[in-house]
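Remarks on the structure that follows.
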Amino acid sequence: KKAWSRSGWEQDAAFLSFCEQKKDWLEDYALFMALKDAFGGREWQAWPEEIRLRRPAALADWKERLREEASFWRYVQYLFFSQWERLKQYANQKGIGIIGDIPIYVAMDSADVWVHGSLFQLDESRRPTAVAGVPPDLFSATGQLWGNPLYDWRAMEKDGFSWWKARMASCAELYDLIRIDHFIGVVNYYAIPAGEDTAMNGRWMLGPGEKLLNAIGPALGNKKIIAEDLGVVTPAVRQLLRKSGYPGMKLMEFAFDSDSKNENLPCHFEKNMVIYGGTHDNETLAGFFGPGQSRRMLRFARRYLNVSQNVQIPWALIRAGYASCADTAVFQLQDLMGLDNRARINTPSTLGGNWCWRLVKGQLSDDLAVKIRDLVELYGR
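Structure representation (structure tokens):
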């Protein structure tokens, strides 16, 4: 903030141009962040009622009181977008594309929900009536209670899905490809009554489906979509994927349950598909196929991948992914480096210790670069 106060950026032509271009969301965001600071970082639901409910007189008053603070947050966004643009240009010049992984939902404590409350399932006091999650499954006996506010899809459709159009247009500027997380929620979403301690008492509700995809299509320009279709993939989800032309996903970690019909096995891949060894939510390959794994699964993996030792499985799996007919193969750097679960990025439904792994300077080697290059060249990637 000291640097900002001394910089004179408020009169800079590039900064002013940025503010004008992004004003549709930047003004609300800057005020939101300034208010967060003014109220000691409290979530907006704990703010005084008049500003929590965005009453016009209160908005005008706080905009004037926090004019300088809001300008600082506009400056922070200007710095980010400027630096990101340079980074993306550098990556693209090196032949590297950036996949933007966008969650289908947004956080309750966000400018989006504070500003556009009528587009979410909130009551008159701006409290959620239902929240997002997924039901119990093999990985979680009580399901996953994400807690995000759910969209009011009827209100969004009535509004012409303008919020979603703006969101996707912004993402199209930032990324080369866009992965929509929890794509199945576009077709049907799991609604959990607000206040529940688990996800066990939720129910499936109908989403907007093709109406949303038709609305956001023009906002994407020529940017491609990856549909993260993991979870309960119903016939309706498969049908929407086919109609949209979006490639779905397969996770190779899930392939080796000894069932030769498992769709995650490379022999069942299709061309219009994005395959992953695992995502940020999974164990690393070395960790997954480590000593704690079942003998039956390890035996099947060795047999399928034609290796004799468990330690050979991860790299053989990577090779099989590159060799497959799928258009796109994605493997995490941790897996290419052969790192164990200490390099795992995220464990779903847990707090603390996530998103902490960092690549340390000197970890990469010329030998690894040659191994990756050989696979890329051999299989035309």
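Residue numbers (the numbering used here): 521 to 901.
Idealized CB from N, CA, C, for every residue including glycine.
ask   = If Y625 sits next to W666, beta carbons under 8 Å apart, how far is it from one beta carbon to the other, in whole angstroms?
value = As a working note, residue 625 is residue 105 in the sequence shown. As a working note, residue 666 is residue 146 in the sequence shown. The pair is a contact, with the Cβ atoms about 7 Å apart (cut-off 8 Å).
inquiry  = Could you give the first and the last residue of the continuous beta strand (DSSP E) run that contains N708?
reply    = Along the sequence shown, one-based indexing puts residue 708 at 188. Unbroken beta strand (DSSP E) run through N708: N708 to P713.
ask   = In chain order, what residues of the same chain lie with their CB nearer than 7 Å to the CB of V654, ignoring the 5 residues before and after it?
value = Mapped onto the sequence shown, residue 654 falls at position 134. Excluding sequence neighbours, V654 sits near G663, Q664, Y710, A719 and G751.
ask   = How long is the line joining the alpha carbons of G727 and G797, rounded to whole angstroms?
value = Against the sequence shown, residue 727 aligns to sequence position 207. Against the sequence shown, residue 797 aligns to sequence position 277. In a straight line, the C-alpha of G727 is about 29 Å away from that of G797.
inquiry  = Helix, strand or coil for A652? Go by DSSP, reduced to three states.
reply    = Translated into positions along the sequence shown, residue 652 becomes position 132. Of the three classes helix, strand and coil, the one that applies to A652 here is strand, per DSSP.
task = Could you tell me which residues DSSP puts in a beta bridge with W724?
result = Along the sequence shown, one-based indexing puts residue 724 at 204. Its beta-bridge partners are Y710.
message = Check this for me: beta carbons of M628 and P648, under 8 Å apart or not?
response = If you number the sequence shown from 1, residue 628 lands on position 108. If you number the sequence shown from 1, residue 648 lands on position 128. Yes; because the gap between Cβ atoms is below 8 Å, this pair is in contact.
key: CB contact flag (L771, N742, <8 Å)   = Taking the first residue of the sequence shown as position 1, residue 771 is located at position 251. Taking the first residue of the sequence shown as position 1, residue 742 is located at position 222. In this structure, L771 lies away from N742, with their beta-carbon atoms at least 8 Å apart.
task = Any chance you could list the alpha helix (DSSP H) runs of at least 4 consecutive residues sitting entirely within the stretch 719-792, in chain order?
result = 730-740 and 755-764
request  = Run the CB neighbour count on A533, radius 10 Å, all protein chains shown included, and call it buried at 16 or more, exposed below.
outcome  = Translated into the one-based positions of the sequence shown, residue 533 becomes position 13. Residue environment for A533: exposed (fewer than 16 other C-beta atoms within 10 angstroms of its C-beta).
message = Count Cβ pairs between the stretch 694-701 and the stretch 633-645 that sit closer than 8 Å; are there 3 or more?
response = no
ask   = Can you name, in chain order, every residue of its own chain whose Cβ lies under 7 Å from the Cβ of D632, other than the five neighbours on each side?
value = In the sequence shown, the residue the question calls residue 632 occupies position 112. V626.
task = Reducing DSSP to helix, strand and coil, say where S602 ends up.
result = As a position in the sequence shown, residue 602 is number 82, starting the count at 1. If DSSP states are grouped into helix, strand and coil, S602 belongs with the helices.
message = Please state whether the Cβ-Cβ distance between A821 and I838 is less than 8 Å.
response = Residue 821 sits at position 301 when you count from the first residue of the sequence shown. Residue 838 sits at position 318 when you count from the first residue of the sequence shown. No, the pair does not count as a contact, with Cβ atoms beyond the cut-off.
Residue of G737, Q854 and A590 minimising C-alpha distance to M688 = Position 168 of the sequence shown, counted from the first residue, corresponds to residue 688. Answer by Cα proximity: G737.
ask   = Fully enclosed by the stretch 823-850, which alpha helix (DSSP H) runs are 4 residues long or longer?
value = 833-843
request  = Would you check if the distance between the CB atom of L903 and the CB atom of W683 is smaller than 8 Å?
outcome  = Missing from the structure shown is residue 903; the chain here goes from 521 to 901 and no further.
query = In its own chain, which residues sit with a C-beta less than 7 Å from the C-beta of A739, not counting the 5 before and 5 after it?
reply = Counting from 1 along the sequence shown, the entry for residue 739 is found at position 219. Around A739: K685, M688, A689 and A692.
request  = Kindly indicate which residue of L732, M793, T799 and F703 has the alpha-carbon position closest to the one of V757.
outcome  = Within the sequence shown, the letter at position 237 stands for residue 757. It is F703.
message = I'd like to know if the stretch 803-816 and the stretch 859-866 are in contact, where contact means that at least 3 CB-CB pairs between them fall below 8 Å.
response = yes
ask   = So what does F640 bridge to, in DSSP terms?
value = In the sequence shown, counting from the first residue as 1, residue 640 sits at position 120. F640 is bridged by DSSP to Y671.
message = Quick check on L697: does DSSP put it in helix, strand or coil?
response = Looking up residue 697 in the sequence shown gives position 177. L697: strand per DSSP, three-state reduction.
ask   = Using the C-alpha atoms, what's the distance from D717 back to Q883?
value = Here residue 883 refers to the residue found at position 363 when the sequence shown is read from its first residue. Here residue 717 refers to the residue found at position 197 when the sequence shown is read from its first residue. When rounded, the distance between both Cα atoms is 42 Å.
ask   = For the candidate residues N830, R901, Q829 and T870, whose alpha-carbon lies nearest to that of T848?
value = In the sequence shown, residue 848 corresponds to position 328, counting from 1. Closest option to T848, Cα to Cα, is R901.
key: Where D621 falls: helix, strand or coil (DSSP)   = The sequence position of residue 621 within the sequence shown is 101, counting from 1. Residue state, collapsed to three classes: strand.
inquiry  = Tell me the DSSP secondary structure of D894 in three-state form.
reply    = Position 374 of the sequence shown, counted from the start, is the residue given in the question as residue 894. Looking at D894 - three-state DSSP - the assignment turns out to be helix.
query = Exposed or buried, which one is E897 when buried takes at least 16 other CB atoms within 10 Å?
reply = Here residue 897 refers to the residue found at position 377 when the sequence shown is read from its first residue. Burial call: exposed.
message = Tell me the rounded alpha-carbon separation between K744 and S764.
response = The count along the sequence shown starts at 1 and reaches residue 744 at position 224. The count along the sequence shown starts at 1 and reaches residue 764 at position 244. If you take the alpha carbons of K744 and S764, they lie about 11 Å apart.
request  = Please report the Cβ distance between L694 and G617, rounded to the nearest whole angstrom; I am assuming they are in contact, meaning their Cβ atoms lie under 8 Å.
outcome  = The residue labelled residue 694 in the question sits at position 174 within the sequence shown. The residue labelled residue 617 in the question sits at position 97 within the sequence shown. Not really, about 12 Å apart at Cβ, beyond 8 Å.
ask   = Mind checking whether Y595 and W529 have CB atoms under 8 Å apart?
value = Here residue 595 corresponds to residue number 75 of the sequence shown, with the count starting at 1. Here residue 529 corresponds to residue number 9 of the sequence shown, with the count starting at 1. Their beta carbons are under 8 Å apart, which means Y595 touches W529 by this criterion.
inquiry  = Between the alpha carbons of D894 and V850, how many angstroms are there, rounded?
reply    = Counting from one through the sequence shown, the residue named residue 894 turns up at place 374. Counting from one through the sequence shown, the residue named residue 850 turns up at place 330. If you take the alpha carbons of D894 and V850, they lie about 16 Å apart.
message = Is W564 close to chain C? Criterion is C-beta to C-beta, closer than 8 Å.
response = Among the protein chains of the structure shown there is no chain C, as only one such chain exists.
message = Please identify the residue among K608, V706 and D557 whose C-alpha is closest to the C-alpha of R585.
response = Against the sequence shown, residue 585 aligns to sequence position 65. Here the closest residue by C-alpha is D557.
task = Starting from V633, follow its DSSP beta bridges and name the residues at the other end.
result = Here residue 633 is taken as the residue at index 113 of the sequence shown, counted from 1. Beta-bridge pairing links V633 to no other residue.
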